[in-house]
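What follows is a single structure, written as structure tokens, with notes after it.
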């Protein structure tokens, strides 16, 4: 089972890069049984992830998404 912080980072980094791109950065990671849960910063958004350590199935949910302004400022 995953025991060290380095093992958590290695396990999460592959599926996270596949899902969010090469600029994805893991912010936090916690081990909960056979799941690794945490937060990651992907370009333009902050996501919560849950990775099943045995099946390598990654689920992500956007917590914050940055967008460009769609209106022109008055004046």
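In the working numbering, the protein residues as written are -12 to 62.
A virtual CB, placed ideally from N, CA and C, is assigned to each residue, including glycine.
In this text the structure is predicted, and so the values were computed from the model without any measurement.
Residue 16 counts as buried, since no fewer than 16 other beta carbons sit within 10 angstroms of its beta carbon. Rounded to whole angstroms, residue 32 and residue 51 show a C-alpha spacing of 5 Å. With respect to the C-alpha of residue 22, the residue from 43, 39 and 10 having the closest C-alpha is 39. Taking the CA atoms as reference points, residue 18 sits about 32 Å from residue 54. Inter-residue distance for residue -2 and residue 60 is about 45 Å (C-alpha atoms, whole angstroms). Straight across, the Cα-Cα distance linking residue -7 with residue 49 is about 25 Å.
In terms of Cβ geometry, residue 14 and residue 3 do not form a close pair [threshold 7 Å].
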